[in-house]
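Contents: one structure, followed by commentary.
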Amino acid sequence: MDLEFDARYDDFRKQVRAFLAEHKPPRNWGLSDGRNSDRVAWLSLQIEHGYWARTIPKAYGGYGAEPDLLETVIMDEEFNRAGVVRGMMAQGPSMLVPTLLAHGTEEQKQRWIGPTLRGEVIWCQGYSEPGAGSDLASLQTSAVEDGEDFLINGQKIWTSTADRAQMCFILVRTEPEARKHEGISYLLLPMDTPGIEVQPLRTMAGSIGENSFNQVFLTDVRVPRANVVGKRGEGWKIANTTLKHERSSLNANAEGTWMRLARLMEKEEVNGVPAMASPVLRDRLMRLQARALSMKHHGMRMLTCSLKGESPGVAGLIVKLQNCQLNFDMAALALDVMGELGALYDHSKYEREHGYWQAHSMFSLGLIIGGGTAQIQKNIIAERGLGLPREPRLAKP
Amino acid sequence: MDFGLSEDQLLLEDTVRSFLGDKVPIDRVRELREQDCPTDRALWSALAELGIAGILVPEAQGGSGLGLLDAAIVSQALGHAVTPAPFLGSAVMAATALAALPARAGSEASEWLAGIASGKRVFGVAVTELFSVREGAGVRLQDGKLSGKAMMAIDSHGADFVLVALDDETLAVVATDTPGVSLTRLATVDATRCTAELVLEAASPEAVFEGAGRVIARTLDAGRIALAADALGACESMIAQAVAYAKQRKQFERLIGSFQAVKHMCAEMVGELEPARSLLWYAAHSFDAMPEEAPLMACHVLAHVSEIGREIASVATQVHGGIGWTDEQNLHFWFKRIANERHLLGGPEWLRDRAATLQGFAPAA
């Protein structure tokens, strides 16, 4: 057990701190504006210093450093401390880029990785369909060969940022006769292609939250056959690279949320005394602290496994399940602490922390479902982690 | 940065687990529960030879001089095997207290530590009244003699000495064969631990240590972390037994482990267990390396393991169905060990209240 970072990382930490002391992010650089020169300049500056796209080869627009997990940890810690988002939370960098690096052609890598990292091209993910949620491989959106092109018809749902994205990485069925996992292809689709209609999908969180979801309707959408990533019919395997990246990116900062909750309890008063004075609420806060500390140190354990190149086994599979439920439970206590006022929303008079806890509650619930539902997670834990037998398939009627 | 067990610690874990699997299989535990005190002194001597009884005793007194994380690994193995042994009282709590005292205690404490390490002397610990006074319990010192009673004294029945906390600042050592000292075993649901009532009638203590507040606090931290490790080890075994059973039991012409209802119970148990294991490692490490963090971590890890332990013990039994509720199936040994441990050294509500106080969230009692 050794919780110290090697001395050679001290310099690196100093460099990151110096960068953050010198440079501040521009005011508006998020995804709300599809093409934003401020965003591109800010992300390019981070790439130049190696704080974003650090391990992506220079040839593809990255910084080109050797992977070093502790450097990643230090960058995350220092950016968090400074209250600055590192890089860009978006599906292009987190999901498409690793997929292209693993499966793309040289031309695809050259063309897309750099602009994606710099925020010049925003991507959306065309996976889920109304009839294909947990059973994603049953997706029905079809792509039929037509000359040099595919003609796409179908519907996608839960497509965040589809209203602003220039591109979509989409799963379509190209071989309708093949078995369900073998007939899928992974395509790169420009969102300005005729036949694409994007409709906003209003979620339970209503006005709050920067992730707006959409439905995407595709009618005779024409895309060149050359836009397939990997081999035709191997889209399921390729998508699984991406899904793995999605799950590992769902590791939330439980300790930070817990500290915010504790501050709320010290501040929020009822009957003239702070919520923290209530033994009942305090007991709930302490229960949550033990869980948050567990997940924090569990994260250190997972990091150690990665550093050593060891598989954490079942201990790694439970992270998403536990973290998402913990976040929901922390929001639940915050809402109870605020009592009647906990229900206030939409900038109402007396609303606390701009509705943060209501939003956190609903988005935590969304994350319990999204990226593989809790129930699918439990199947994975039981089958892959504990070796329990799969459920027998029903005989086809 | 290396958050995990070292090669030596993995070897220690392996050694203790295979020793216990070999020498104290569950059939032997069944035999031991029929005795007045299930602690088997021959077994304890054998564990002492492995360096287990003196794991926290300094090398100068013949111990292994290891840290609390090492002790937690052993404790976890003992819980995993539901082994009756005075590890918590003698090897963890008494050893921690006595090793922290020698400057004042001199040769006596040194001798006791050597006795603990050799396994020839076993210490029980009476501290319940620091958190919970019932039935008019409490021990007082008057004219150099001890009188009163201490309830639920850990590992004390069959012990040679008992370390008694008179209050937050005062410790005493009594020899159990001294006139005026009587120990009565209190039968608990858990047949694997020798819990006793200690009654003192003007008994002469071997020693009294005043101004020992810091020593008592460290002793409780160590005890709580080791106790959490024991319960975690018991949980680990219950989950393994439930998973193994789900892989061989058939109902409705299917292995029950193929039903999602059963699968999800198993996934939920392991989902609670693994992060608690990480917390335990950190808590034990903090005791050795970051003592200022240890009191909070000790409260949290024991309270948390107690909560998830109750759930795991129940769910693992349910996976077994009716057979899990029989005496013959043995699962109840683990269920009861976890159930009893929940109430030692504070109990979850008390521990969380203490955790809040330590952080300035609650008024000090």
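Protein chains in written order, with our numbering: chain Z, 273 to 669; chain X, 73 to 437.
Glycine is no exception: its CB is placed at the ideal position from the N, C-alpha and C atoms.
Pairwise C-alpha distance: residue 622 (chain Z) and residue 274 (chain Z) = Taking the first residue of the first sequence as position 1, residue 274 (chain Z) is located at position 2. Taking the first residue of the first sequence as position 1, residue 622 (chain Z) is located at position 350. About 47 Å.
Next on the checklist: I want to verify the contact list: residues of chain X whose CB lies under 8 Å from the CB of residue 593 (chain Z), in sequence order.
Outcome noted: Walking along the first sequence from the start, residue 593 (chain Z) turns up at place 321. Per Cβ cutoff of 8 Å: 339, 343.
Ends of the beta strand (DSSP E) at residue 495 (chain Z)?
-> Counting from 1 along the first sequence, the entry for residue 495 (chain Z) is found at position 223. Segment 485-496, the beta strand (DSSP E) holding residue 495 (chain Z).
At the 8 Å Cβ level, is residue 274 (chain Z) part of the contact set with chain X, yes or no?
Within the first sequence, the letter at position 2 stands for residue 274 (chain Z). Using a CB distance cut-off of 8 Å, residue 274 (chain Z) counts as an interface residue toward chain X.
If you draw a straight line from the C-alpha of residue 394 (chain Z) to the C-alpha of residue 641 (chain Z), how long is it?
Against the first sequence, residue 394 (chain Z) aligns to sequence position 122. Against the first sequence, residue 641 (chain Z) aligns to sequence position 369. So the alpha carbons of these two residues sit roughly 24 Å apart.
Exercise. Taking C-beta pairs closer than 9 Å, name the residues in chain Z that residue 326 (chain X) reaches, listed in chain order.
Key: Numbered from 1 along the second sequence, position 254 holds the residue referred to as residue 326 (chain X). Here the neighbours are 661, 663, 664.
Note down, in chain order, every chain X residue with its Cβ under 9 Å from the Cβ of residue 583 (chain Z). Here residue 583 (chain Z) refers to the residue found at position 311 of the first sequence. In chain order: nothing, as chain X lies at least about 13 Å away.
query = What residue from Z:440, Z:613, Z:446 has the CA that sits closest to residue 456 (chain Z)'s CA?
reply = Along the first sequence, one-based indexing puts residue 456 (chain Z) at 184. If we check each option's Cα against that of residue 456 (chain Z), Z:446 comes out closest.
Exercise for the section: Compare the C-alpha of residue 336 (chain X) against each of Z:590, Z:439, Z:564, Z:539 and name the closest. Expected result: Counting from 1 along the second sequence, the entry for residue 336 (chain X) is found at position 264. Ranking the options by Cα distance to residue 336 (chain X), first place goes to Z:590.
**Item:** Contacts of residue 386 (chain X) in chain Z (Cβ-Cβ under 8 Å)
**Value:** By 1-based counting over the second sequence, the position of residue 386 (chain X) is 314. Within chain Z, not a single residue places a beta-carbon under 8 Å from that of residue 386 (chain X); the smallest gap is close to 18 Å.
Practice problem: With a threshold of 16 other CB atoms inside 10 Å of the CB of residue 599 (chain Z), please say whether the residue is buried or exposed. | Solution: Looking up residue 599 (chain Z) in the first sequence gives position 327. With 16 or more Cβ atoms within 10 Å of its Cβ, residue 599 (chain Z) is classed as buried.
- Within 8 Å (strictly less), CB to CB, does residue 545 (chain Z) reach chain X? To locate residue 545 (chain Z), count along the first sequence from 1; it is residue 273. No, no contact with chain X.
Which residue or residues does DSSP assign as beta-bridge partners of residue 255 (chain X)?
-> Taking the first residue of the second sequence as position 1, residue 255 (chain X) is located at position 183. Answer is X:270, bridged to residue 255 (chain X).
query = Is the CB of residue 286 (chain Z) under 8 Å away from at least one CB in chain C?
reply = As a matter of chain content, chain C is missing from the structure shown, whose protein chains are Z and X.
**Report entry** Cross-strand partners of residue 439 (chain Z) (DSSP beta bridge)
**Finding:** Taking the first sequence and counting its residues from 1, the one referred to as residue 439 (chain Z) is at position 167. Paired residues: Z:395, Z:462.
Can you tell me the Cβ-Cβ gap for residue 359 (chain X) and residue 576 (chain Z), rounded? I've got them flagged as a contact below 8 Å.
-> For this step, residue 359 (chain X) is matched to residue 287 along the second sequence. For this step, residue 576 (chain Z) is matched to residue 304 along the first sequence. Contact flag wrong, Cβ pair sits at about 20 Å.
Can you find the residues in the same chain that come closer than 6 Å, C-beta to C-beta, to residue 367 (chain X), ignoring five residues on each side of it along the sequence? Counted from its first residue, the second sequence places residue 367 (chain X) at position 295. Closer than 6 Å at the Cβ level, and outside the excluded window around residue 367 (chain X), lie 293, 430.
message: Taking the alpha carbon of residue 390 (chain Z) as the reference point, which residue from Z:399, Z:334, Z:351, Z:506 has its own alpha carbon closest?
response: Indexing the first sequence from 1 puts residue 390 (chain Z) at position 118. Looking at the Cα atoms, Z:334 is the closest of the given residues.
Check: Can you name the residues of chain Z whose CB is closer than 7 Å to the CB of residue 354 (chain X)?
Finding: Start at 1 with the first residue of the second sequence, and residue 354 (chain X) comes out as number 282. Simply 569.
query: Within this structure, are the beta carbons of residue 416 (chain X) and residue 376 (chain X) separated by less than 8 Å?
result: Within the second sequence, numbered from 1, the residue matching residue 416 (chain X) stands at position 344. Within the second sequence, numbered from 1, the residue matching residue 376 (chain X) stands at position 304. Between residue 416 (chain X) and residue 376 (chain X), the C-beta spacing is not below 8 Å.
For residue 91 (chain X) and residue 636 (chain Z), what's the separation of their Cα atoms in angstroms? The sequence position of residue 91 (chain X) within the second sequence is 19, counting from 1. The sequence position of residue 636 (chain Z) within the first sequence is 364, counting from 1. The alpha-carbon atoms of residue 91 (chain X) and residue 636 (chain Z) are separated by roughly 46 Å.
Continuous beta strand (DSSP E) assignments of at least 3 residues falling wholly in the segment 500-585 of chain Z
none
Worksheet item: Using a Cβ-Cβ distance under 8 Å, would residue 621 (chain Z) count as near chain X?
Response: To locate residue 621 (chain Z), count along the first sequence from 1; it is residue 349. No, no contact with chain X.
Worksheet item: Out of Z:608, Z:631, Z:609, which has the shortest C-alpha to C-alpha gap to residue 619 (chain Z)?
Response: On the first sequence, position 347 is the one that residue 619 (chain Z) refers to. Considering only alpha carbons, the answer is Z:631.
query = According to the neighbour-count rule (16 or more other Cβ atoms, all chains shown, within 10 Å of its Cβ), is residue 262 (chain X) buried or exposed?
reply = Numbered from 1 along the second sequence, position 190 holds the residue referred to as residue 262 (chain X). Counting other Cβ atoms within 10 Å of its Cβ, residue 262 (chain X) reaches 16 or more and is therefore classed as buried.
* **Under the three-state DSSP convention, the category residue 226 (chain X) falls into** => Looking up residue 226 (chain X) in the second sequence gives position 154. In the structure shown, residue 226 (chain X) sits in a strand (DSSP, three-state: E or B).
Open item on the list: In this structure, how does DSSP classify residue 417 (chain Z) when only helix, strand and coil are distinguished?
Closed with: What you label residue 417 (chain Z) is simply residue 145 of the first sequence in a count that begins at 1. Strand.
Quick one: what's got a C-beta closer than 6 Å to residue 437 (chain Z)'s C-beta in the same chain, skipping five residues either side? Position 165 of the first sequence, counting from 1, holds the residue named residue 437 (chain Z). Correct list, in chain order: 394, 395, 396, 463.
List, from N- to C-terminal side, the alpha helix (DSSP H) runs of 4 residues or more that fit wholly inside the segment 312-340 of chain Z. none
Decide if residue 352 (chain Z) is buried, meaning its Cβ has at least 16 other Cβ atoms within 10 Å, or exposed. Position 80 of the first sequence, counting from 1, holds the residue named residue 352 (chain Z). So residue 352 (chain Z) ends up on the exposed side.
DSSP three-state assignment for residue 293 (chain X), whether helix, strand or coil: Locating residue 293 (chain X) in the second sequence gives position 221, where the first residue counts as 1. Here residue 293 (chain X) sits in helix by DSSP.
Neighbourhood of residue 277 (chain Z) by C-beta, 7 Å cutoff - its chain only, sequence neighbours within 5 removed
Reading the first sequence from its first residue, position 5 is the one you call residue 277 (chain Z). Result list for residue 277 (chain Z): 342, in chain order.
Can you tell me which of the three DSSP states residue 95 (chain X) falls into?
Counting from 1 along the second sequence, the entry for residue 95 (chain X) is found at position 23. Of the three classes helix, strand and coil, the one that applies to residue 95 (chain X) here is helix, per DSSP.
Where the alpha helix (DSSP H) through residue 385 (chain Z) begins and ends:
Sequence index remark: in the first sequence, residue 385 (chain Z) carries index 113 (1-based). From DSSP, the alpha helix (DSSP H) with residue 385 (chain Z) extends over 378-389.
Taking C-beta pairs closer than 7 Å, name the residues in chain X that residue 587 (chain Z) reaches, listed in chain order. Looking up residue 587 (chain Z) in the first sequence gives position 315. Chain X residues near residue 587 (chain Z): 346.
Evaluate contact between the segment 250-258 of chain X and the segment 311-319 of chain X, counting only Cβ atoms and requiring at least three cross-stretch pairs below 8 Å.
Between the segment 250-258 of chain X and the segment 311-319 of chain X there are fewer than three C-beta pairs closer than 8 Å, too few to call the two in contact.
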